[in-house]
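If you're matching them up, the sequences are chains A, B and C in order.
Going letter by letter, the first sequence gives residues 0 to 194 in numbering that gives the first Met the number 0.
Going letter by letter, the second sequence gives residues 0 to 194 in numbering that gives the first Met the number 0.
Going letter by letter, the third sequence gives residues 0 to 194 in numbering that gives the first Met the number 0.
Glycine included, each C-beta is placed from N, C-alpha and C at the ideal position.
Please read the structure below before turning to the comments.
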Amino acid sequence: MSRAARVPSGLRARVVTVSDRAYTGGYADRSGPLAAEALGLIGFAVDEVVVVPDEAEAIVTALEAAVDADVHLVVTTGGTGLAPRDVTPEATRQVVDREVPGLADALRAAGREKVPTAVLSRGIVGVRGGTLVVNLPGSTGGVSDGVNVLAGVVGHAVAQIRGGGHGHDHGGMDDRDRDRDRDRDRDRDRGSGKA
Amino acid sequence: MSRAARVPSGLRARVVTVSDRAYTGGYADRSGPLAAEALGLIGFAVDEVVVVPDEAEAIVTALEAAVDADVHLVVTTGGTGLAPRDVTPEATRQVVDREVPGLADALRAAGREKVPTAVLSRGIVGVRGGTLVVNLPGSTGGVSDGVNVLAGVVGHAVAQIRGGGHGHDHGGMDDRDRDRDRDRDRDRDRGSGKA
Amino acid sequence: MSRAARVPSGLRARVVTVSDRAYTGGYADRSGPLAAEALGLIGFAVDEVVVVPDEAEAIVTALEAAVDADVHLVVTTGGTGLAPRDVTPEATRQVVDREVPGLADALRAAGREKVPTAVLSRGIVGVRGGTLVVNLPGSTGGVSDGVNVLAGVVGHAVAQIRGGGHGHDHGGMDDRDRDRDRDRDRDRDRGSGKA
């Protein structure tokens with residue numbers, strides 16, 4: 000959160016913790032509340048932290064409820080690994096219409112620099128209607144790193160999904176060109192030689 | 000283009016701009032001509048820049064025409080984002096027989112270093128017959144960075160696709176080993192300690 | 000192998016070389032024995048190096064035999080490129096129940112730093128029953144780099160697959176948090192300022 004990137008005001012998010020042990024009360028859920036707090040810090044209004052067991056049906060129901068509630072973002076934590084009961088990616092794939100593999104890769108790559116086993120997360124990112132669905136791993140470190148990555152892109156993602164439609168503007172300066180110019184200006188301000 | 004990597008002579012490419020606004024003439028297409036110019040600089044003979052709207056059917060038709068024309072490479076620009084009308088990856092997936100996810104990832108990763116939102120591109124890379132199909136984003140920056148990445152690998156890719164068949168040579172020194180030796184030699188020439 | 004990461008004792012692996020030329024004896028197989036040696040160095044008991052031609056059916060049969068033999072890991076080498084007879088990923092996809100795209104990406108990314116054409120490998124990683132299946136490229140360099148990447152994560156992967164189940168522990172300190180703390184301690188020991 001060092002860059003303090005914030006999303007536009009008015010964006011709503013929901014968190015879904017996927018964990019048998021948190022669901023049965025065997026452990027207190029730490030990752031879900033952490034995700035909610037981190038999303039709040041970047042500007043989301045977080046309506047709820049839902050806890051479900053590692054069951055595909057329960058995960059699908061929770062994700063569809065979030066889509067129906069028309070939140071801009073739903074973040075899951077947990078169930079992305081290789082254990083037999085890790086089914087969050089499969090359940091999420093049932094809900095989303097389109098996947099965004101580059102964002103799922105970026106979430107893993109961010110973790111990989113610190114923790115090599117971050118590559119074992121099978122988490123996906125996808126879009127259903129007006130909602131972006133993001134699978135984060137169950138660890139508190141994975142959640143924290145993941146929200147940091149989201150901070151830089153989720154505002155753009157939501158604008159595109161909700162029909163901002165800047166994504167295929169060829170004639171004038173498009174989002175990418177604007178971003179590039181802004182980055183160049185920022186680098187210049189910093190006295191960096193990198194253009 | 001700093002390394003001036005060039006593809007073998009005789010390779011032909013086509014560019015397909017996917018953009019409602021460029022198609023209807025609302026804006027002049029900047030990214031398509033830029034892609035054509037950049038591909039020309041690395042050694043491709045570019046036969047055409049086709050402009051189509053953000054419609055899956057139109058994209059499929061344009062890609063199949065490129066395959067039928069037996070070009071070695073067809074590059075699309077536009078329609079890879081999250082907006083509802085961004086359908087280039089889905090249309091491309093209808094055309095290709097096999098995907099090359101590592102190259103799609105590399106294209107995104109190159110952009111990511113400069114522009115975080117590059118990860119939102121859902122562009123794919125695939126093979127149909129003797130043709131490599133590459134989705135680049137619609138921005139001029141994305142096209143420029145993308146062609147830079149392609150420059151280093153597209154010659155190898157085309158050789159494999161057209162049956163060069165070096166890809167599974169186990170007995171002697173294969174492509175990879177040759178590349179490694181060449182890189183080592185180059186590093187040595189530079190006085191770099193990195194082997 | 001510089002970090003000398005080793006897997007827990009008792010893990011068994013098998014190597015499958017996929018190559019028409021090695022199969023017909025046109026060339027001696029170098030990559031398969033190298034994979035076996037490298038896996039042995041990180042602690043696996045390697046039971047066999049099987050050589051099969053670039054035929055989907057032969058690859059599927061070899062992979063299913065490895066799953067039936069209940070090895071913890073099966074590594075293929077070869078057949079991951081773009082040549083028409085490169086079918087290892089497609090055959091592997093027929094065998095595995097779940098893919099682990101982040102590990103496949105990490106394997107390619109490791110190669111990419113040295114050899115740009117590493118991104119052309121279409122290799123996948125997946126799980127079938129208690130066995131992790133990993134496609135490496137056919138080159139000796141690709142095998143060596145790949146086993147290096149595996150060394151850091153395959154112990155965790157196998158523990159999760161075989162039901163260690165640490166993957167969705169939310170209440171206490173999970174694998175990721177433990178890793179993070181360990182990394183922090185190590186960095187501190189090194190006098191690095193990076194936490």
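Asked, Found
"Buried versus exposed call for A65 of chain C [16 or more other C-beta atoms within 10 Å across all chains shown]", "buried"
"Against chain B: residues of the stretch 140 to 161 of chain A by CB proximity under 7 angstroms", "G151, V152, H155, A156, Q159, I160"
"Distance between P100 of chain A and G101 of chain C (C-alpha atoms, nearest Å)", "10 angstroms"
"C-beta neighbour in chain A for V73 of chain C, strict 9 angstroms", "no"
"Cβ pair count under 8 angstroms reaching 3, the stretch 106 to 120 of chain C against the stretch 124 to 133 of chain A", "no"
"C-beta atoms of D69 of chain B and G151 of chain B nearer than 9 angstroms", "no"
"Supposed contact pair L62 of chain C and L106 of chain C - C-beta distance, whole angstroms, cut 8 angstroms", "Actually they are not in contact, since the Cβ atoms of L106 of chain C and L62 of chain C sit about 17 angstroms apart, beyond 8 angstroms."
"Minimum Cβ-Cβ distance from T116 of chain A to chain C less than 9 angstroms", "yes"
"The alpha helix (DSSP H) enclosing A44 of chain A, as first and last residue numbers", "Element bounds for A44 of chain A: not the alpha helix (DSSP H) but the beta strand (DSSP E), 44 to 51."
"Proximal residues, the stretch 123 to 140 of chain C versus chain A, C-beta separation under 7 angstroms", "V126"
"Endpoints, beta strand (DSSP E) assigned at V66 of chain A", "Premise fails: V66 of chain A lies in the alpha helix (DSSP H), 55 to 67, not in any beta strand (DSSP E)."
"Proximity winner among A:A109, A:T91, A:A35, A:G110, relative to V49 of chain A (alpha-carbon distances)", "A:A35"
"Interface residues of chain B facing V99 of chain A [CB-CB closer than 7 angstroms]", "L81, L119, R121"
"Cβ-based contacts, 8 angstroms cut-off: residues of the stretch 51 to 66 of chain B near chain C", "none"
"Cβ of E47 of chain B within 9 angstroms of any chain A Cβ", "no"
"Nearest-angstrom Cα separation, counted from G80 of chain A out to T139 of chain B", "38 angstroms"
"Limits of the unbroken beta strand (DSSP E) element including H76 of chain C", "Checking the displayed sequence, the identity of residue 76 of chain C turns out to be Thr instead of His. Counting along the chain, the beta strand (DSSP E) containing T76 of chain C begins and ends at 72 to 76."
"V157 of chain A, DSSP secondary structure in three states", "helix"
"Members of the stretch 6 to 23 of chain A near chain C, C-beta cut-off 9 angstroms", "T16, V17, S18, D19, R20, A21"
"Beta-bridge pairing of G125 of chain A - partner residues as DSSP gives them", "A:E98, A:V132"
"For R13 of chain B and H71 of chain B, the rounded distance between their alpha carbons", "9 angstroms"
"Three-state class that DSSP yields for T23 of chain A in the structure shown", "coil"
"Burial state of H169 of chain B (16 or more Cβ within 10 Å)", "With a pLDDT of 34 at H169 of chain B, under the threshold of 50, the modelled position of this residue cannot be trusted; read the value that follows with caution. Its Cβ being crowded by 16 or more others within 10 Å, H169 of chain B is buried."
"Chain B within 9 angstroms of E36 of chain C, Cβ atoms only", "no"
"Closer than 9 angstroms to chain C by CB, R92 of chain A", "no"
"Strand pairing of T16 of chain A, partner residues [DSSP]", "A:V50, A:T76"
"Exposure label - P7 of chain B; buried when at least 16 CB within 10 Å", "exposed"
"Local Cβ density within 10 Å of T23 of chain C, reported as buried at 16 or more and exposed below that", "exposed"
"Interface residues of chain B facing A105 of chain A [CB-CB closer than 7 angstroms]", "R111, V118"
"A108 of chain A at chain B interface by Cβ criterion, 9 angstroms", "yes"
"Integer Cβ distance of T16 of chain A from T76 of chain A, believed to fall under 8 angstroms", "5 angstroms"
"Close beta carbons around D46 of chain C, own chain, < 8 angstroms, minus the five adjacent residues each side", "R11, A12, R13, A68, V70"
"V6 of chain C, DSSP secondary structure in three states", "coil"
"Buried or exposed (CB count within 10 angstroms, at least 16 for buried), D96 of chain B", "exposed"
"Beta-carbon gap between L149 of chain C and V132 of chain C smaller than 9 angstroms", "no"
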